[in-house]
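Top to bottom, those sequences are chains L and U. Just so you know, we're using our numbering here: the first sequence kicks off at 5 and counts up by one. Just so you know, we're using our numbering here: the second sequence kicks off at 11 and counts up by one. Virtual Cβ for every residue (Gly too), placed ideally from N, Cα, C.
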Amino acid sequence: MTPARAPGAVRIAAGQGFWGDWLEAPYRQVTGGPVDYLMMDYLAEVTMSILQKQKSRDPSLGYAKDFVPLMERILPIVAERGIKVTANAGGVNPRACAQAVADVARRLKLGGRLRIGVVTGDDLLGRLDGLLARGHELRNLDTGRPLSDVRDRVVAANAYLGAWPVVDALRRGADIVITGRVTDTGLTLAPMIHAFDWPADAWDLLAAGTVAGHTIECGAQCSGGNCLVDWERIPDLANVGYPIVAARPDGTFEITKHPGTGGRISVAGVTEQLVYEMGDPAAYITPDCIADFTTIRLEQAGKDRVRVSGVRGRPATDKLKVSVAYFYGHKAVGTLVYGWPDAYKKARAADRVLRQRLADLGLAFEAIHTEFVGADATHGRLALEDVVVDDLPEVQLRIGVRSPDKPAVERFTREIAPLILNGPPSVTGFAGGRPKPEEIVAYWPALLDKSMVEPCVEMVEV
Amino acid sequence: MKKAAARRSGGRADRRKMVQLLELAHARSGDKGDTANVGLIALKPQYYPILVKLVTAARVARHFKGMITGPVERFELPNLRALNFLLHGALDGGGTISLKTDAQGKVFSTALLRLEIELPR
Numbered sequence: 005m006t007p008a009r010a011p012g013a014v015r016i017a018a019g020q021g022f023w024g025d026w027l028e029a030p031y032r033q034v035t036g037g038p039v040d041y042l043m044m045d046y047l048a049e050v051t052m053s054i055l056q057k058q059k060s061r062d063p064s065l066g067y068a069k070d071f072v073p074l075m076e077r078i079l080p081i082v083a084e085r086g087i088k089v090t091a092n093a094g095g096v097n098p099r100a101c102a103q104a105v106a107d108v109a110r111r112l113k114l115g116g117r118l119r120i121g122v123v124t125g126d127d128l129l130g131r132l133d134g135l136l137a138r139g140h141e142l143r144n145l146d147t148g149r150p151l152s153d154v155r156d157r158v159v160a161a162n163a164y165l166g167a168w169p170v171v172d173a174l175r176r177g178a179d180i181v182i183t184g185r186v187t188d189t190g191l192t193l194a195p196m197i198h199a200f201d202w203p204a205d206a207w208d209l210l211a212a213g214t215v216a217g218h219t220i221e222c223g224a225q226c227s228g229g230n231c232l233v234d235w236e237r238i239p240d241l242a243n244v245g246y247p248i249v250a251a252r253p254d255g256t257f258e259i260t261k262h263p264g265t266g267g268r269i270s271v272a273g274v275t276e277q278l279v280y281e282m283g284d285p286a287a288y289i290t291p292d293c294i295a296d297f298t299t300i301r302l303e304q305a306g307k308d309r310v311r312v313s314g315v316r317g318r319p320a321t322d323k324l325k326v327s328v329a330y331f332y333g334h335k336a337v338g339t340l341v342y343g344w345p346d347a348y349k350k351a352r353a354a355d356r357v358l359r360q361r362l363a364d365l366g367l368a369f370e371a372i373h374t375e376f377v378g379a380d381a382t383h384g385r386l387a388l389e390d391v392v393v394d395d396l397p398e399v400q401l402r403i404g405v406r407s408p409d410k411p412a413v414e415r416f417t418r419e420i421a422p423l424i425l426n427g428p429p430s431v432t433g434f435a436g437g438r439p440k441p442e443e444i445v446a447y448w449p450a451l452l453d454k455s456m457v458e459p460c461v462e463m464v465e466v
Numbered sequence: 011m012k013k014a015a016a017r018r019s020g021g022r023a024d025r026r027k028m029v030q031l032l033e034l035a036h037a038r039s040g041d042k043g044d045t046a047n048v049g050l051i052a053l054k055p056q057y058y059p060i061l062v063k064l065v066t067a068a069r070v071a072r073h074f075k076g077m078i079t080g081p082v083e084r085f086e087l088p089n090l091r092a093l094n095f096l097l098h099g100a101l102d103g104g105g106t107i108s109l110k111t112d113a114q115g116k117v118f119s120t121a122l123l124r125l126e127i128e129l130p131r
């Protein structure tokens, strides 16, 4: 079944649910049937700090590099079919990302046929001291601590922008909109606002578009991927169809996918995605509105087609969420595999030996965390209550440490391999070598007055 | 045989009607910082009132005792026949700080489905 295009409907296809998602998905979305927009979400909470680090080493970097070859593959098609693209692939350097895409477009002889809109204004790193000096404390939403606690360790700071700057770019004729930290939901809501000319205070409509965005922002996670209900009978995940929103001017929409693709779009599966990463369902707060997820009505409108209606919204708040990334310390995780008999006992014994050695070395850690993969790693004691651990054929000892002290973490990484010859028996699985210490860049969520942030839209002619 | 399955099959002496949530609901979980959320969704409409009544925040807090450091909050979504639980302090600091395999709380969903409740007669 082709995604229906009711009069005035607009079809928005999800192409990426995170940076690292399936590279085939965007191509399949623009070739598998008619769509009007391709939405691609790249930015997770920690992504901005990785990108900021890349930019500090090379000022021409700091965006999702995979986006450029991906666009190279689909640009001729989107140009031919008039499909518009919204993507927050710009990271901390949307202008450089747009430039790279423009270069590719020119190489493909698409000069004069494409306009790229660039959304900036989210990056607060250079303004932090000024904001703090003016009394914006950027207190941690979880701990209540002021940002001044970690100011000297901040590596990135970005406000979450909403749909409106993306709308602005579309209104100015952008075919491709490349943004920095725009909300996942804003990338889907913006095409609806643009197509239907929704007013800024049409809270129910904005909330409906936000729900649509939340539904497809994780890509195939609403079309059969990572779906628990009836998972064994979800067809052909190898060929899974990514979701498409078919939206109408009245705020109702359908979730569907291209014909001939795998996966499944069902009320149960869409419900799983709606509750994913949910806080208070009556107050899903974005820069654009507050959506009330307790008003959503779902119905199966056909095979692989779920109709969404009834969404109510409330006025947006006067704050924007800010994500600050700061240097926290170091960590490392090492693993060894113990085999039958007594696999679990041996792994536990190895853990005791290792902990004793770390203590004898006088190493200070903020945390030492042990898991026995195959026994308790994901469900803790709940799993151990439900299984006879003595019979397990193998158990992986997985032990991690965290410390502000880098040498302590490095010393830990040298204490794993010796256990192979000087610890409990039947041990294997060390082919990966010594674990690598990692820097921890942690996430600091905060709020900032909206008036302090000015989104900016620029156009790049190709 | 798994211990839970053994308990479920029950001896003749055990006349309680114990059911694992896995038989009544499906679920998906995710993270926000150090908080894991679990959306618990009734498999059939008639199961939702049972979940509302028996799967309280306090019951879930007991289920995860020792595995989370903070409180449990519960929200109701009758329109989706779902409950949303926030498990605070579930992720060893969460995100990049966490040393856990499940640093993003992805399988707290099925950990909740292990919960056994006593069905009303």
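| Item | Value |
| --- | --- |
| Chain U contacts made by the region 131-147 of chain L, where a contact means CB separation under 7 Å | D146 |
| L/C460, DSSP secondary structure in three states | strand |
| Minimum C-alpha distance to L/P73 - residue among L/S64, L/T90, L/A106, L/K57 | L/A106 |
| Whether L/A18 touches L/L65 by CB criterion (9 Å) | no |
| Whole-Å CB distance - L/A446 paired with L/Y330, under 8 Å assumed | 6 Å |
| 9 Å Cβ cutoff, L/E236 in contact with chain U | no |
| Helix, strand or coil at U/V117 [DSSP, three-state] | coil |
| Validate contact between the region 404-414 of chain L and the region 367-374 of chain L using beta carbons, cut 8 Å, 3 pairs | yes |
| L/W235 to L/L142 span [Cα, whole Å] | 43 Å |
| Candidates U/V117, U/A35, U/L87, of which the one nearest L/T382 by Cα | U/V117 |
| Buried or exposed by the 16-neighbour rule on C-beta atoms within 10 Å, applied to L/D254 | exposed |
| Cβ separation of L/E276 and U/G49, assumed to be a contact under 8 Å, to the nearest whole Å | 7 Å |
| Cβ of L/N230 within 9 Å of any chain U Cβ | yes |
| Separation of L/V341 from L/F376, as counted between CA atoms | 9 Å |
| Status (buried if at least 16 other CB within 10 Å, exposed otherwise) for L/G301 | First, the residue type needs correcting, since residue 301 of chain L is Arg and not Gly in the sequence shown. Looking at its Cβ environment, which holds fewer than 16 other Cβ atoms inside 10 Å, L/R301 is exposed. |
| L/G86 versus U/E33: straight-line alpha-carbon distance, rounded | 48 Å |
| Spatial distance of U/G21 from L/G404 (CA atoms) | Low per-residue confidence applies at U/G21: pLDDT is 47, beneath 50, and the placement is therefore not dependable enough to give any value. |
| Helix, strand or coil at L/Y46 [DSSP, three-state] | coil |
| Within 9 Å, strictly: CB atoms of U/I51 and U/R38 | yes |
| Span separating the alpha-carbon of L/A212 from that of L/A295 | 7 Å |
| Segments of 4+ residues assigned as alpha helix (DSSP H) that fall wholly inside the region 96-146 of chain L | 98-111, 132-137 |
| Within-9 Å CB hit, L/I269 to chain U | no |
| N-terminal and C-terminal residue of the alpha helix (DSSP H) that L/D355 is part of | 347-364 |
| Extent of the continuous alpha helix (DSSP H) to which U/T106 belongs | Taken as a continuous stretch (DSSP letters only), U/T106 belongs to no alpha helix (DSSP H), as it is neither H nor E. |
| Pair within 9 Å by beta-carbon distance, L/T265 and L/D292 | no |
| Sheet register partners of L/L165 (DSSP bridge) | L/V186 |
| Option nearest L/D284 by Cα separation, candidates L/V274, L/G273, L/F297, L/A272 | L/F297 |
| 6 Å Cβ shell around L/I180 - same chain, five flanking residues per side excluded | V89, I120 |
| L/M57 - DSSP class collapsed to helix/strand/coil | One detail in the question is off: residue 57 of chain L reads as Lys in this sequence, not Met. Correct three-state label for L/K57: helix. |
| Min CB distance U/R124 to chain L below 9 Å | yes |
| Buried versus exposed, by CB contacts within 10 Å (16 or more), U/L129 | exposed |
| Pair within 9 Å by beta-carbon distance, L/L209 and L/A194 | no |
| Burial state of L/T432 (16 or more Cβ within 10 Å) | exposed |
| Host alpha helix (DSSP H) of U/I78 (start-end) | Taken as a continuous stretch (DSSP letters only), U/I78 belongs to no alpha helix (DSSP H), as it is neither H nor E. |
| Where U/K110 meets chain L, residues with beta-carbon distance less than 9 Å | H373, E375, A381, T382, G404 |
| Residue-chain proximity (U/R22, chain L), Cβ-Cβ < 9 Å | Here U/R22 scores only 45 on pLDDT, less than 50, and its place in the model should not be relied on; the value that follows carries that caveat. Taking Cβ atoms only, chain L never reaches closer than 9 Å to U/R22, which makes this a no. |
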